[in-house]
Amino acid sequence: MRELLEPLRGVVVWLMDVTAVPVLAYFVLINTSYLVLILLGALDFRSYLRGRKTVVDTLGGELTPGVSVIVPAHNEEAGIVTSVKALLSLRYPGHEVVVVDDGSTDATFARLREAFDLVELPRDVPQDIPVRARVLGQYVPRDGRTRLIVVRKENSGRSEASNVGVNAATEPLVAMIDADSILEPDALLRVAKPFADDPTRVIATGGTIRPVNGCRVVAGRIVSVGMPRPWMPRIQVVEYLRAFLVGRTGWSRFGGLILISGAFGLYRRDTFVEAGGLDPDSIGEDFELVLRMHKLMREAKADYRVEFVPEPVSWTEVPSTFKVLRNQRRRWHRGLWETLWQYRGMLFRPRYGKVGLVALPYYWLFELVAPLLELYGIVIVPIALVLDAINVPFALLFLALAYGYAIFVTLAAMTLEEWAFHRHSRWRDLGVGLVCSVLENFGFRQLTVWWRLEGWWASLRGKKQVWGVMTRTGFNEEAS
Amino acid sequence: MTGAPVTLLAATLVFAACLALAVVLVLTKVGRETRRRRRAALVAPLRPHLIAVSAGEDEGPARSTLVAAEGPSRRAVTGAIADLLGKVRGLPAEHLVEVLDRHGALESAMADLRHSSPVRRAQAAQLLGVSRVPDAVDSLVVALQDKAGEVRSSAAYALGLIGDPRAAAPLLAAVGAPGAGLPAGLAADALLGMGVGISGALGDALSDPDPRTRTVAAHVCGIGSFTRALPCLRERLALDPDLTVRETCAQALGSIGRADDVEVLARHTEASQPLPLRRVCAEALGQLGEDAAVSTLAALLRGPDPRLAEIAATSLVRLGPCGRAALDAASDERPVQSALTVASLQGVLR
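Chains as they are written, first to last, in our numbering: chain A, 8 to 487; chain B, 359 to 708.
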């Protein structure tokens, strides 16, 4: 047996000689980069806290532009009426809701027609953004006051549905949200504030996404924030906090935000149209759009800003089964790879500023490649330990720098959230969060590493991407 | 490969750092809860008096009790009054300001405008604003150039509440200051609180090199009916390099323009202009309410862009009988049918 393993040991020893230090350095670098983003986020949160202490309520002032909230819906009969009512009742001086029924085969449209007494308009949707699918009709409420437009179209996917919604929109800003997301009452006001503050330069803003699992929802509104019971969504609460809230705030502060989630983003309609809207053939369409907007603006030498606003929250249901989570993570990583590859020409090009010189290289090195190197570490370190190619202290050092440091980073993000927003008021939730910050690194993280690589590999093999169905367990909803 | 001491050191450091952060996390929560309870406990005995004064139901004793508050209670009362002053007007507001004055809070606020803490400076500006202290204008104008954004915002807010038109020019200049500048929306709201004396400053600001300042000025001209700026608005609509500024000027002309402005706006509905601007101008023509706009709008009804055609049709509806006649002549056009259906649902057509 020993003779059989000897050649393998030789290979492993050689591999460790060559890669041990670079791999350790990589983990230190990646965790440190997260920490830097958290520190940048902290600067932003400090401004937010100062603003809150000085109580200047500037929301909804004279320069607040109108917003069209675009809601693509496909087979959403269960919750569409509640969602639309909640969106119509958001606090905002001038907003309309544009629902695009993307060829639903259930009663989505029938529910809307019944709830809002819809009548058909003899209106053609402008082709500001060219779309392939046929629009079947436009409808508005009979009362003439409710600012709702329902567009029916043939099924052609979420991106085209959003583009049709933008074409039908009449306000200068367009908000992209998911039909099953829940916006907080002030969410639109807050996410639109950068546009009112800087009306000539801001072209896009994104809001925070938080998991709704475990929260109590009444009539489409969050009435109490809680931690979900199953561990998988619990871990995602902590993960979203680190990656979405703090990470994106850091990028925004740095001036290199290149990703606004499709679940909650606000765009200048004219810039959105000029960029060509969402790419219906892209699997990472939200990421792709923001990069395309950056490219467009940089090439036009325009003075512009893309901002992340940490306070407005869109609550969305996160996967609670392995199957759905696997599909999501495969799709995310595939979208990341395909978009980064598509825009590889922007890499290290000074004309693209911080986006080309810092943000894109970072995404290549620390977002795209991370699962590959992490898998390598997960596999090689135990093998090397068994074959005596490394000693126990090295294995422990690897654990400390790869996982211990990651726990530290997550705790830093949690501390920052508690300092600035403290959305989870119960002590129990704080305790669960602390446990999750550790648990995430034992099993969950390794699984997501594998799934992300699956998504990447599927793309490299040219396998057709299937969106898959997000099986929803539903919110802890109570009737109003 | 790696020595035990190095590993031990790294592991200990990481573990200690995690533990320390967990402790900080817990302490953050405890600290906030403690402060909240303490503040509530300090204000609670005085709350009925605060409510009595702010509701105008006090004959004097409640005010005396508030004035007599000492130490931490006094600070808590000052904070509570600052919050209330944002919502209370008239005599009750004057009574609340009197309490602040008797506490020496207004004098302290003037001094706090130069405090090292940006939060203190911003709160001081706020307090001077909600208390409408006219003597604070010069200091607040200086605060518009503060390095902290919160202080600049608070100073602008305060200047808007005090309403002294002398502050308009520095306020507009602060919007386009290098870096983040003053939030444009906040500046617009503040300017609208300064009355008619700001028209000169607005006219000058329309020629400012920064597009944010020009946007704010154009917007305030339209909302506040500053007709002296009409020539500048026309010029900016025609020549400004920034599309947002041009759109804002078009909206302003739609609100406050004269009959001559039909021609100005009509020129910007031509196909050579950017589509978003054409749409804004078509809407502005309807808002202007001049019959002379009918021919321009009628010509847009049969254009290739259904949105522009529907906006033109809606504007024609707004123009009354003249506009309706033009719509009747194009009743086979779907944008016209759509605009008429919407107008009918809204009760505009009978």
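From the three backbone atoms N, C-alpha and C, an ideal C-beta is built for every residue, glycine too.
Its chain contains Thr573 as the residues whose beta carbon lies nearer than 6 angstroms to that of Thr602(B), once the 5 sequence neighbours on both sides are disregarded; these appear in chain order.
As the crow flies, the alpha-carbon of Ser613(B) is around 20 angstroms from that of Ala548(B). By the C-beta criterion, the stretch 224-234 of chain A is judged not to be in contact with the stretch 20-35 of chain A, since fewer than 3 inter-stretch pairs fall below 8 angstroms. Proximity of Phe373(A) to chain B, defined by a Cβ-Cβ separation below 7 angstroms, is not satisfied. Under the three-state reduction of DSSP output, Ser557(B) falls in the helix class.
In the three-state scheme derived from DSSP, where H, G and I count as helix and E and B as strand, Phe315(A) is classed as strand.
Of all alpha-carbon atoms in Phe202(A), Arg197(A) and Gly213(A), the one lying nearest the alpha-carbon of Ile184(A) is that of Gly213(A). Listed by position along chain A, the residues whose Cβ is nearer than 7 angstroms to that of Ala362(B) are Pro400. Lys361(A) has no beta-bridge partner at all, per DSSP. Residues of chain A whose Cβ lies closer than 8 angstroms to the Cβ of Ala469(B) do not exist, since the nearest Cβ in that chain is about 17 angstroms away.
Collapsing the DSSP output to three states places Ala463(B) in a helix. Residues of chain B with a Cβ closer than 8 angstroms to the Cβ of Tyr33(A) do not exist; the shortest Cβ-Cβ separation is about 16 angstroms. Taking C-beta atoms as the reference points, Cys590(B) and Ala610(B) fail to come closer than 7 angstroms. One Cα belongs to Leu550(B), the other to Leu296(A), and the distance between them is close to 37 angstroms.
Put simply, the backbone Cα of Arg592(B) is about 33 angstroms away from that of Asp131(A). At a cut-off of 7 angstroms between beta-carbon atoms, Leu379(B) makes contact with chain A. One finds nothing in chain B with a Cβ atom closer than 9 angstroms to the Cβ of Glu191(A); even the nearest lies about 20 angstroms away. Close to Phe415(A), with beta-carbon spacing below 7 angstroms, are these residues of chain B in chain order: Val372, Ala375, Cys376 and Leu379.
When C-beta atoms of the stretch 76-88 of chain A are compared with those of the stretch 32-46 of chain A, fewer than three pairs fall below 8 angstroms, so the two segments do not count as touching. DSSP links His473(B) through a beta bridge to no other residue. Boundaries of the alpha helix (DSSP H) harbouring Ala671(B): Pro664 to Arg676, taken from the DSSP string.
Our two residues, Leu597(B) and Leu666(B), have alpha carbons roughly 22 angstroms apart in a direct line. Looking at the backbone, the Cα of Arg472(B) and that of Leu502(B) are separated by about 12 angstroms. Taking a beta-carbon distance threshold of 7 angstroms, Gly151(A) counts as an interface residue toward chain B.
Between Ala670(B) and Leu655(B), the C-beta spacing is below 7 angstroms. DSSP places Ala535(B) outside both helix and strand once states are collapsed to three, so it counts as coil. Selection Pro206(A), Arg217(A) and Ser268(A) evaluated against Leu180(A) yields Pro206(A) as nearest (Cα-Cα).
Among the bridge pairs identified by DSSP, Glu103(A) is matched with Ser75(A). Secondary structure of Pro179(A) (DSSP, three-state): coil. Nearest Cα to Leu677(B) within the set Thr370(B), Ala368(B) and Gly644(B): Gly644(B).
From the listed residues Gly444(B), Phe584(B), Glu465(B) and Arg460(B), the smallest Cα separation to Tyr515(B) is found for Gly444(B). By the Cβ neighbour-count rule, Ile409(B) is exposed, with fewer than 16 other Cβ atoms within 10 Å of its own. Taking 7 angstroms as the cut-off, the Cβ atoms of His453(B) and Val411(B) count as close.
For the stretch 525-552 of chain B, the beta-carbon criterion of a distance under 7 angstroms to any beta-carbon of chain A is satisfied by Pro541, Ala542, Gly543, Leu544, Ala546, Asp547 and Leu550.
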